[in-house]
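**Student:** I'd like to ask you about the structure that follows.
Protein chains: 2
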Amino acid sequence: MNQENQLIEKSLKIGVCQVELSLGDFDANKQKVIDSIEKIKAENPDIIVFPECTLMGYYPADLLERKSIILDQLNVLKELEYYLKENLNPGIGIFIGGLSLNPSLKGKPFYNSAFFWNGSNFETVFHKTLLPTYDIFDEARHIEPNPLNYPQTLIWKGHTILVTICEDIWAWENLKGQSYYPENPLKHQKDSVDLIVNLSASPYWFNKQKTRLRVISETSQHFEAPMVYVNQIAGQDETVFDGSSVVTNKEGKPVWIGDLFKEEFKCFELDLLDKEKKQNLSKIDLPEVHIKPDTEEQLYEALKFGLKSYVHLAGFQKVHLGLSGGLDSALVAQLCVDTFGKENVTCLYMPSKFSSDLSDKIVKDLKNNLEFKYIEQSIQAIFEFYIGEVSTDIIPKAFGLTHENIQARIRANILMAYSNSNKSLLIGTSNKSELAVGYATLYGDLCSAYNPIGDLLKTQVFALSKFLMQEKQGLTSEVIKRPPSAELREGQKDEDSLPSYEELDAAIQKIIIKRQAANTEIEKWVLTKLYQTEFKRWQSPPILKVSQHAFGRGRRMPLNHKAKS
Amino acid sequence: MNQENQLIEKSLKIGVCQVELSLGDFDANKQKVIDSIEKIKAENPDIIVFPECTLMGYYPADLLERKSIILDQLNVLKELEYYLKENLNPGIGIFIGGLSLNPSLKGKPFYNSAFFWNGSNFETVFHKTLLPTYDIFDEARHIEPNPLNYPQTLIWKGHTILVTICEDIWAWENLKGQSYYPENPLKHQKDSVDLIVNLSASPYWFNKQKTRLRVISETSQHFEAPMVYVNQIAGQDETVFDGSSVVTNKEGKPVWIGDLFKEEFKCFELDLLDKEKKQNLSKIDLPEVHIKPDTEEQLYEALKFGLKSYVHLAGFQKVHLGLSGGLDSALVAQLCVDTFGKENVTCLYMPSKFSSDLSDKIVKDLKNNLEFKYIEQSIQAIFEFYIGEVSTDIIPKAFGLTHENIQARIRANILMAYSNSNKSLLIGTSNKSELAVGYATLYGDLCSAYNPIGDLLKTQVFALSKFLMQEKQGLTSEVIKRPPSAELREGQKDEDSLPSYEELDAAIQKIIIKRQAANTEIEKWVLTKLYQTEFKRWQSPPILKVSQHAFGRGRRMPLNHKAKS
């Protein structure tokens, strides 16, 4: 052992700051960094790790068109630098995520970077190599990748630290040998590594956690080094970021998993030497923790978190929705009450002559159980007035689709009027199964500022509702069991126009989510409907994404085309 | 001169097929290829060049999620191969664009390729190197780039032909030394090249042609070789592809420029030798042609072409719109009549008590001049019925924004009812200046299936209208000169809520189109309004793109953020 090694501590203490960040709110994010350091510094960490794009928040999307915004962020980084110089013990190293300028005139204008505070400045900068360019992510639009083979390590207190940013650890092959990336940049790292850090902004979806843990473990195992993976918390438009940060031991076993949708500030002393012995658990004996399977409870947390973030960031405190007597709107009513409190939720029931007694009863029961503000406003007279007033060149005499749609659009007018007069956001109630086949009225029941259940298949709506019925006072078995109906004409039932929801959802899973070819009659019918109704989804509100493949901005189908498979 | 060179013809005859393609319509596109070859083969071309993605059409966007579609396209390529084997003189080489499979399990699943028909098969395949990933284009989502340094040439009849696909020629630095790409793949081509072909799908925008010619000339000059650049014609959702194909001589001067929005089938005999002498014009003496500056007439052609393509591809023959008495809807009425014929256009005038006598008169004059089908349907009684019927918790007594919006939404209900009952598509009338600052009612006047003027600034609406007034019977000076107003309340004028349109448009040019920082008070006001109203544009209909930076799918701003510059 040479002299240098004798000076090296066998362990490093790492601080994890799983923080909630706000897109473009540089001052608030800077203050969050300062407050986090204040919280954690008493434990004397050697290194503190923050999530990706700490000061900017993530995902900025086309805000990256505007260089002025990146310059603002770099100014705030300078302010942070002054603060740290004045206030922090220089023995603490800090990783902060952020955008940096590509100094070349060629290539995309920015890098997605990790700035390292070395006790006196942020001059050591690392760049992200793999740029997610799929689903909602378009990093290749604005960001230049770090060149392969560009060094990604630094030495701190004698230890070699590999710095990775989010996607950089996602090129490992899956079980089928597939990878999104032709090359895995981590395989170019030839040096021995003592610790891996990953600054992340990784969105939540149901049942993702096991995949995320697989790539973290694989990275940690590859280098035989512990890993500290720090993910942000955020509700950004259609996407929620859940935290669930991870620390592994050098065997790649998770020794800590952060909570979902809650900030975490933790220090871990990690054993970084003893490579020769390859001990499973080192002198700092952190026991392995096990992932729990994703639950309905977690899914509901994701819905509440995403909805609350959207509404509050948009500057609203109050929400409202149209109750139909059906399950989708009943579930959204429960969700809104659980998210905002009954005093901030108004439900409007807008019956017509096609509304059934059962709908009336269900709505009254929900009102009694959930105690939201309630307004009943019939649309029947307005509907009849339209028919009497408007030329038969526009609304023909024979009852048909025109009449069905007008009812849905009168309801939308009333709901939007309530928005205007009460500074309340309209919350949507269309599920993913309906959206897939366009079983909804554009400018009618599709209207809303935000749709929190637009990524739930109808079968998931059933399952979540059953879970909630057992947990809470609210939904009744009546609303769960009734046959779904739009109630826009006499005796209408969803099942007259659609396959059973079990069959429909199985087809959607196969052809939309797994993107496989349509083979059966039902699958072909779903694909045809999907293609025919793209124009409705184009003009639909943002959808809270809780699956790997949601409708919304992450899906960009052409409107006019003749493809058939 | 060796024996091989003695056999080489000094010239090659190249056939250009500037064809209109239809996305995903494999059979139609295959037939188009066959018909084009039949048209042109009597001239004995040595090579025929088709546009990018010939069989698929372009831009497929997330259709590329579906491998089944690519397999369909490859099957049709096989069918074409059989046809050519049976029917074509083997001395004709053909370049066809299309998607091919990435055989590796790693990286994105497809290549964007050029298949070369060598007289017996399509086995020679080239891949696109530079993948446009900006604005409406997301090629890096699904497509793997050709590796740099991978050969891009083939020898045909003794001549070395460099094969490029669209974006491959766009990495030349601009006048400021900037390039979207860190490396220009063309600079890696060390071999002498006799001819360059480019299979293209390059969208139209106003004043683009000079930029396009610059990169074509620069490529041709770099290799001191003639170039054949073949662009498709298509109206695909928000984008129009104009053709305007180009042939240059070996000095990089254009010797032919194809027409806009019209198919072209031309043969050119190009001098490929005499490199030593560097003669400007060779024995095949094609004179240089000059670009004409873009005109209002061309812009109007683009609008008509895009609108017609959208409506017909969506399966509709008839269109309708709401006439307000203002200039935007008057221009759209003229556009629809010129595009579809007066017998296929219905204009609905839906006055309220706020509609002025001037609006009445303008609408009557338009009706007389353009002779569209006309329906007048007052909204006043319906509006008053809403107020009498709906609870004051929803529509308060004091006249305000709620009341303004309801009027716009009643009109939308009527226009959509007309859609339902007459199988007619609703055409939008919102201009880019209004859209930028959200001066429009969501689910009201923003409703339409397609907005053909959503990428025209109000000052462009004025200029185009003046041009049309001189050319045609339709628009009157009265409608051009009147002060713009939404007429949703007493005495309302746009200028009470907005800066003058000259100032507004200058600010939009600077901060939205050129993406510069906002400095003046008006620019800051526009930026604030832009950010506040993103939710309206998120749910807006598709917009016909005629500028470099349109609202619509090519712009992906977050909804909630706190950025201020």
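Protein sequence lines, in the order shown, are assigned to chains X and U. Take the position in the first sequence, starting the count at 1, then add 674; the result is the number in this note's numbering. Take the position in the second sequence, starting the count at 1, then add 674; the result is the number in this note's numbering. Even for Gly, the Cβ is constructed at its ideal location relative to N, Cα and C.
(1) Any residues in the stretch 814–825 of chain U with a beta carbon nearer than 7 Å to a beta carbon of chain X? Which ones, in chain order?
(2) In chain U, which residues lie less than 8 Å from V1037/X when you measure between Cβ atoms?
(3) Going by other Cβ atoms of all chains shown within 10 Å of its Cβ, with 16 needed for buried, is D1244/X buried or exposed?
(4) If you check the beta carbons only, do S853/U and K741/X fall under 8 Å apart?
(5) Counting Cβ pairs closer than 8 Å, one from the stretch 858–871 of chain X and one from the stretch 838–847 of chain X, do we hit at least three?
(6) Taking only runs of the beta strand (DSSP E) that begin and end inside the stretch 1061–1093 of chain X, which ones reach a length of at least 3 residues, in chain order?
(7) Could you tell me which of G698/X, L686/X, L804/X, D812/X sits nearest to I766/X, measuring between CA atoms?
(8) In angstroms, rounded to a whole number, what distance separates the CA positions of P719/U and L1131/X?
(9) Which term fits V1011/U, buried or exposed, when burial requires 16 or more other beta carbons within 10 angstroms of its beta carbon?
(10) How about A814/X and M1231/U: are their beta carbons less than 8 Å apart?
(11) I want to know whether the stretch 1060–1069 of chain X touches the stretch 1082–1099 of chain U - three or more CB-CB distances under 8 Å.
(12) Could you give the uninterrupted runs of the alpha helix (DSSP H) lying entirely in the stretch 877–942 of chain X, keeping only those of 4 residues or more?
(13) If the cut-off is 8 Å on Cβ atoms, which residues from the stretch 844–861 of chain U count as contacting chain X, listed in chain order?
(14) Could you tell me the alpha carbon to alpha carbon distance between H1077/U and M1090/U, rounded to whole angstroms?
(15) Would you call the stretch 790–800 of chain X and the stretch 766–775 of chain X in contact, with 3 or more CB pairs under 8 Å?
(16) Between the alpha carbons of G1118/U and I829/U, how many angstroms are there, rounded?
(17) Kindly give me the distance between the Cβ atoms of G932/X and S918/X, rounded to whole angstroms, as I take these residues to be in contact under 8 Å.
(18) Round the Cβ separation of I655/U and G689/U to the nearest angstrom and send it over; I've been treating them as touching at under 8 Å.
(19) Would you mind working out which of E943/U, D865/U, Y984/U sits nearest T834/U, comparing C-alpha positions?
(20) Could you tell me which residues DSSP puts in a beta bridge with S853/X?
(21) Between the beta-carbon of L648/X and the beta-carbon of I1182/X, is there less than 8 Å?
(22) With 7 Å as the limit, tell me which residues of the stretch 1143–1167 of chain U have their beta carbon closer than that to any beta carbon of chain X; keep them in chain order.
(23) On a Cα-Cα basis, can you pick out the residue from T728/U, D1039/U, T1150/U, F1057/U that is closest to G772/U?
(24) Given A899/U, which residues of its chain have a CB within under 6 Å of its CB, disregarding the five upstream and five downstream residues?
(25) What residue range does the alpha helix (DSSP H) around F1225/X cover?
(26) Mind checking who H833/U pairs with in its DSSP beta bridge?
(27) Jot down the residue ranges of each uninterrupted beta strand (DSSP E) in the stretch 1007–1032 of chain U, minimum 3 residues, whole runs only, in chain order.
(28) What separation, rounded to the nearest whole angstrom, lies between the Cα atoms of K1155/X and I965/X?
(29) Might you give, ordered along the chain, the residues of its own chain that have their beta carbon closer than 6 Å to the beta carbon of A1114/U, omitting 5 neighbours on each side?
(30) Run the CB neighbour count on P967/X, radius 10 Å, all protein chains shown included, and call it buried at 16 or more, exposed below.
(31) So, does the CB of R1227/X fall closer than 8 Å to a CB anywhere in chain U?
(32) Which residue from G996/X, D746/X, L762/X puts its Cα closest to that of D709/X?
(33) Do we get a CB-CB distance below 8 Å when we pair P1215/X with the residues of chain U?
(34) Spatial neighbours of H1235/X within its chain, please: C-beta separation below 8 Å, excluding the five flanking residues on both sides.
(35) To which residues of the same chain is K927/U closer than 6 Å at the C-beta, ignoring the five residues directly before and after it?
(36) Going by other Cβ atoms of all chains shown within 10 Å of its Cβ, with 16 needed for buried, is Y824/X buried or exposed?
**Tutor:** In short:
(1) Within the stretch 814–825 of chain U, the residues whose Cβ lies closer than 7 Å to some Cβ of chain X are A814, R815, E818, listed in chain order.
(2) In chain order: nothing, as chain U lies at least about 16 Å away.
(3) A query on residue 1244/X cannot be resolved here, the shown segment of chain X reaching from 675 to 1239 and no further.
(4) No; because the gap between Cβ atoms is not below 8 Å, this pair is not in contact.
(5) The stretch 838–847 of chain X and the stretch 858–871 of chain X touch, with three or more beta-carbon pairs separated by less than 8 Å.
(6) Correct list: empty.
(7) In this structure, L686/X is the residue among G698/X, L686/X, L804/X, D812/X with its C-alpha nearest to the C-alpha of I766/X.
(8) Straight-line Cα distance between these residues: approximately 56 Å.
(9) Counting other Cβ atoms within 10 Å of its Cβ, V1011/U reaches 16 or more and is therefore classed as buried.
(10) With contacts defined by Cβ atoms closer than 8 Å, A814/X and M1231/U do not form a contacting pair.
(11) Note that the stretch 1060–1069 of chain X touches the stretch 1082–1099 of chain U; at least 3 beta-carbon pairs, one per stretch, sit closer than 8 Å.
(12) At a cut-off of 4 residues, the continuous stretches assigned as alpha helix (DSSP H) that sit fully inside the stretch 877–942 of chain X are 883–897.
(13) Those residues of the stretch 844–861 of chain U that come within reach of chain X (Cβ to Cβ, closer than 8 Å) are E847, K850, G851, Q852, S853, Y854, Y855, P856, E857.
(14) Going by the C-alpha atoms only, they are around 20 Å apart.
(15) The stretch 790–800 of chain X is in contact with the stretch 766–775 of chain X.
(16) One C-alpha to the other measures close to 60 Å.
(17) So it is a contact: roughly 6 Å between Cβ atoms.
(18) The structure shown does not extend to residue 655/U, since chain U spans only 675 to 1239, so no value can be given for it.
(19) Comparing Cα-Cα distances from T834/U to each of E943/U, D865/U, Y984/U, the minimum goes to D865/U.
(20) According to DSSP, which records beta bridges pairwise, S853/X is partnered with K780/U.
(21) As displayed, chain X neither begins before 675 nor continues past 1239, which places residue 648/X out of reach and without an answer.
(22) Listed in sequence order: no entries.
(23) The shortest Cα separation from G772/U among T728/U, D1039/U, T1150/U, F1057/U belongs to T728/U.
(24) Residues V867, D868, L869, I870, K924 of the same chain have their beta carbon placed closer than 6 Å to that of A899/U, with the five preceding and five following residues left out of the count.
(25) Note, F1225/X: premise wrong, no alpha helix (DSSP H); not H, not E.
(26) DSSP output for H833/U lists W830/U as bridge partner(s).
(27) DSSP assignment within the stretch 1007–1032 of chain U yields the following whole beta strand (DSSP E) runs of 3 residues or more, N-terminal first: 1019–1023.
(28) Distance between the alpha carbons of K1155/X and I965/X is about 34 Å.
(29) Closer than 6 Å at the Cβ level, and outside the excluded window around A1114/U, lie S1104, E1108, L1120.
(30) Classification for P967/X: exposed.
(31) R1227/X counts as touching chain U.
(32) Here the closest residue by C-alpha is L762/X.
(33) Chain U contact via Cβ: present.
(34) Counting only residues of its own chain and dropping the five nearest sequence neighbours on each side, H1235/X has a CB closer than 8 Å to the CB of Y1205.
(35) Taken in chain order, the residues that qualify are E962.
(36) Y824/X is exposed by the Cβ-count criterion.
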